[in-house]
Amino acid sequence: MIDPRAIVDPSAKIGANVKIGPFSIIGPDVEIGEGTEIGPHVIVRGPTTIGKNNRIFQFASIGEECQDKKYKGEPTTLVIGDNNVIREACTFHRGTVQDKGTTIVGSNNLFMVNVHVAHDAIIGNHCILANDTNIAGHVKIGDWAILGGATQVHQFCMIGAHSMCGTGTVVLKDIPAYIMAQGYPAAPHGINSEGLKRRGFSADSIAMIRKAYKTLYRQGLTLAEALEILTPQAEQDDGVRMLVDSLTQATRGIIR
Numbered sequence: 000m001i002d003p004r005a006i007v008d009p010s011a012k013i014g015a016n017v018k019i020g021p022f023s024i025i026g027p028d029v030e031i032g033e034g035t036e037i038g039p040h041v042i043v044r045g046p047t048t049i050g051k052n053n054r055i056f057q058f059a060s061i062g063e064e065c066q067d068k069k070y071k072g073e074p075t076t077l078v079i080g081d082n083n084v085i086r087e088a089c090t091f092h093r094g095t096v097q098d099k100g101t102t103i104v105g106s107n108n109l110f111m112v113n114v115h116v117a118h119d120a121i122i123g124n125h126c127i128l129a130n131d132t133n134i135a136g137h138v139k140i141g142d143w144a145i146l147g148g149a150t151q152v153h154q155f156c157m158i159g160a161h162s163m164c165g166t167g168t169v170v171l172k173d174i175p176a177y178i179m180a181q182g183y184p185a186a187p188h189g190i191n192s193e194g195l196k197r198r199g200f201s202a203d204s205i206a207m208i209r210k211a212y213k214t215l216y217r218q219g220l221t222l223a224e225a226l227e228i229l230t231p232q233a234e235q236d237d238g239v240r241m242l243v244d245s246l247t248q249a250t251r252g253i254i255r
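In terms of numbering that gives the first Met the number 0, the sequence shown is residues 0 to 255.
The structure is reproduced here in C-alpha cells:
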C-alpha cells in the first residue's frame, strides 16, 4: 500500500490500509489514520495528525510551518479529522504559539484545487471550499459553510454555520450563520434557504430565520438593538439560537 518510491520517516505512525503514492514524503511526528489515501508528490510534515479515510491528492503540502513572521520554529500542530477530500496543490499550515498552537480541520469537508488554510484556522464539518480560496490565520469557519471559488478571508474573521460566499468574495468582517454573502467587501444577500431545506430545517424554522434576517438587516438597527429583539426569539427556535450565537461571538463586526 506504500509505493517503494515514497519516503516515510520510521517514526511516522501509519494506520491500516493507508495508501501512499510515489514520491510522497511523510515526515517525523506524523500520524495517518486507517484508510487514508495519500496521492503522489504529497508532502506531510509534523507534528500532524490525519484521521481516517481522507483522500489527499497530488502536490498538496500538509503540515508545513506557517508563514507568520512571529513563528520561530516552535513545535505547533495540525489536526485533520476524517473523510476529507483535499485536492491538488492545497496547502495546510500548522499553528502558532501566539494562539492555541494548532490548526484544526474537521471531518467530511471538500477542499478543491489550490485552497490555502493558514495557521490557527479552525474549520468545522461538511464544509466546501472551492478552488483558489485563501483562509488567513486565526479564521473560524462553521459547519456546512460553502465558500465559492477565489474567496479571500481576512485574518481573525468568523464565517458562521450554513453560510455561503459567492465566487470572488472578500471577507473583511464576520459573516453570521445562514447568510449568503457576495462582493468586495462581502455584503449580505439573504439567507441560504435552499441549503437549510437540504439539511432538514423545517419550513417554520426557515421562516423564523428569514424573519430574524430582516430584523438584523432591514430595519436599520444596530447590532445591539437587533440582539435585544432576536434573543427572546432564540428561546423559541434552535435555528434562531444559532444565528444569535454567531452574532454574540462576532469580534470584527458583521458584514453589512
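In this text, a Cβ means the ideal position worked out from N, Cα and C, and glycines have one as well.
Range of the contiguous alpha helix (DSSP H) that encloses residue i
i, result
"Thr-214", "202–216"
"Met-179", "Met-179 -> not in any alpha helix (DSSP H); beta strand (DSSP E) instead, spanning 178–181."
Length of the line joining the Cα atoms of residue i and residue j
i, j, result
"Lys-71", "Val-243", "38 Å"
"Glu-234", "Ser-204", "12 Å"
"Arg-255", "Ile-190", "13 Å"
"Asp-237", "Ala-202", "13 Å"
"Pro-175", "Leu-246", "6 Å"
"Val-78", "Thr-150", "23 Å"
"Ile-24", "Ile-85", "16 Å"
"Val-112", "Asn-133", "11 Å"
"Thr-95", "Gly-20", "30 Å"
"Ile-260", "Gly-194", "With the chain running from 0 to 255 in the structure shown, residue 260 is simply not present."
"Asp-325", "Ile-37", "This structure cannot speak to residue 325, because the chain is shown only from 0 to 255."
Opening and closing residue of the beta strand (DSSP E) in which residue i lies
i, result
"Ile-49", "47–49"
"Gly-62", "60–63"
"His-92", "90–92"
Cutoff 6 Å; reference residue i; Cβ partners in own chain excluding five residues on either side
i, result
"His-27", "Here residue 27 is Pro; the residue named in the question, His, does not match the sequence. Contacts found: Asp-8, Ser-10, Gly-45."
"Cys-89", "Ala-59, Phe-110, Val-114"
"Asn-82", "Asn-52, Ser-106, Asn-107"
Residue i, DSSP secondary structure in three states
i, result
"Lys-99", "coil"
"Thr-35", "coil"
"Gly-189", "strand"
"Leu-220", "coil"
"Thr-247", "helix"
Cβ neighbour criterion (16 or more within 10 Å) applied to residue i
i, result
"Ala-223", "exposed"
"Arg-217", "exposed"
"Lys-213", "exposed"
Interface flag, residue i vs chain C, CB-CB below 8 Å
i, result
"Ala-249", "Absent from the structure is chain C; it holds one protein chain and no more."
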